[in-house]
Ligand SMILES: [Zn+2]
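In this note's numbering, the protein residues as written are 127 to 447.
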């Protein structure tokens, strides 16, 4: 019947093609490296027994919030509390107590309740665009500033705008003060640093034999800014949720294939509110994502749950899950 009505058939094809464009192309955009995850093109991994997470737990995710926005406390934390999830919060020291930002009291409450606090510099300037002295100050003083304000364990550092992890001087400075540092942007972090299409690394050592920085190491742990990917691909909320689910499943499938937990999404959020502005995740979408993790029995970790094996040169999960 449809063949005999060309207009209707064309309409159907047009609708299908629009749907395909909207749903498939943004989600599988090659620029994220995401397409390589869903087509399973990663190299295989070596087995090891130093990963303390149980072998049958292939659903692990790290939740991370950047820049210390007050809506993370007022909007995201109650939802995290509902599910008992503990996240990592990267704080820009000089922004604390400013309008729209968390207070020191709130940040201390987060730490007291088991969340993890990391340093995100003093002023959020790009570290590669300043003098070495200024860069050293931003890196070191932000740790001291957190400590001066009651944060006992400053476990990790995050690079403003993901810039600095490819700069030797910056990494040398970061390594003097922190065990781990996070950058972006990749949907999955491989604990052995060996799943990335951009590199042939087989472990997470920081330097090559020639003394050059490696692509990924303990000071360039990959986070996934899903609100940044959403903006780039102009996704609506349901498409963003679909992208979120696809990334979670890609990690699960990868870990099932390998039999150990190795691929972990480290999801980076900025604002969680209903403004719809750039880098904002609508509260309902955030709720849906957390419910998805809960209903699908994901184990939620934070950066403090990751450790580094200095002998084998890889990251591992410290916490028994
Ligand atoms: Zn930031």
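Cβ atoms here follow ideal geometry from the backbone N, Cα and C, with glycine treated the same way. Here the structure is a predicted model, which means the values were calculated and not measured.
Specify the secondary structure class of residue i as computed by DSSP and reduced to three states.
{"i": "residue 427", "result": "strand"}
{"i": "residue 341", "result": "coil"}
{"i": "residue 293", "result": "coil"}
{"i": "residue 439", "result": "coil"}
{"i": "residue 448", "result": "Coverage of the chain is limited to positions 127 through 447, which leaves residue 448 absent and any answer about it impossible."}
{"i": "residue 331", "result": "coil"}
{"i": "residue 445", "result": "coil"}
{"i": "residue 358", "result": "helix"}
{"i": "residue 406", "result": "strand"}
{"i": "residue 222", "result": "coil"}
Give me whichever residues DSSP pairs with residue i in a beta bridge.
{"i": "residue 248", "result": "Paired residues: none, contrary to the question."}
{"i": "residue 215", "result": "191 and 243"}
{"i": "residue 315", "result": "390"}
{"i": "residue 227", "result": "195"}
{"i": "residue 300", "result": "Residue 300 pairs with nothing; no bridge assigned."}
Along the chain, where does the alpha helix (DSSP H) that runs through residue i open and close?
{"i": "residue 377", "result": "363 to 384"}
{"i": "residue 395", "result": "Here residue 395 belongs to no alpha helix (DSSP H); instead the beta strand (DSSP E) covers 392 to 395."}
{"i": "residue 284", "result": "Per DSSP, residue 284 belongs to no alpha helix (DSSP H); it is in the beta strand (DSSP E), 280 to 284."}
Between residue i and residue j, which are expected to be in contact by the criterion C-beta below 8 Å, what is the C-beta distance as a whole number of angstroms?
{"i": "residue 398", "j": "residue 349", "result": "Their Cβ separation, rounded to whole angstroms, is 16 Å, which puts residue 398 and residue 349 out of contact at 8 Å."}
{"i": "residue 194", "j": "residue 215", "result": "7 Å"}
{"i": "residue 428", "j": "residue 188", "result": "6 Å"}
{"i": "residue 333", "j": "residue 306", "result": "Not a contact, Cβ separation roughly 16 Å."}
{"i": "residue 386", "j": "residue 314", "result": "Not really, about 14 Å apart at Cβ, beyond 8 Å."}
Would you mind reading off the limits of the beta strand (DSSP E) that contains residue i?
{"i": "residue 187", "result": "186 to 192"}
{"i": "residue 434", "result": "432 to 435"}
{"i": "residue 351", "result": "347 to 351"}
{"i": "residue 306", "result": "306 to 310"}
At least 3 beta-carbon pairs within less than 8 Å: the region 251 to 269 vs the region 222 to 241: no
Tell me whether the region 320 to 332 and the region 363 to 374 touch, counting them as touching only if at least three CB pairs, one residue from each stretch, are closer than 8 Å. no
Can you list every residue whose CB sits closer than 7 Å to some heavy atom of ligand 3, going in chain order? In the structure on display, ligand 3 does not appear, and the ligands it does have are ligand 1.
Does the region 194 to 207 come within contact of the region 406 to 425, defined as at least 3 CB pairs closer than 8 Å? yes
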